[in-house]
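Each residue of the sequence shown is one higher than the one before, counting from 408 in our numbering. By construction, the Cβ of each residue, glycine as well, lies at the ideal position given by its N, Cα and C atoms. Worksheet: the structure to be examined is printed underneath.
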Amino acid sequence: MPIDPVCGMELSPSDAVSTVQHGRTTYYFCSEECQQRFEEQPTIYTE
Numbered sequence: 408m409p410i411d412p413v414c415g416m417e418l419s420p421s422d423a424v425s426t427v428q429h430g431r432t433t434y435y436f437c438s439e440e441c442q443q444r445f446e447e448q449p450t451i452y453t454e
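What follows is the structure, encoded as structure tokens:
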């Protein structure tokens, strides 16, 4: 199961509020807030 890289919540792809493609990886988010935080500074969450 994917994990929201911002808050650490485990969620199924069908439950994700949104996704972002970064590099070759698709990231799944539990909320728009988590997605926005990721998009502002993706390297914080992908290293």
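query                                                                                                                  : result
Collapsed DSSP secondary structure at GLN442 in the structure displayed                                                : helix
Sequence-distant residues of the same chain with beta carbon closer than 8 angstroms to SER419, five excluded per side : MET408, PRO409
Where the alpha helix (DSSP H) containing PRO449 begins and where it ends                                              : 449-453
ALA423: CB within 7 angstroms of a non-hydrogen atom of the ligand ADP                                                 : This structure does not include the ligand ADP; it has no bound ligands of any sort.
Opening and closing residue of the beta strand (DSSP E) in which VAL427 lies                                           : 425-429
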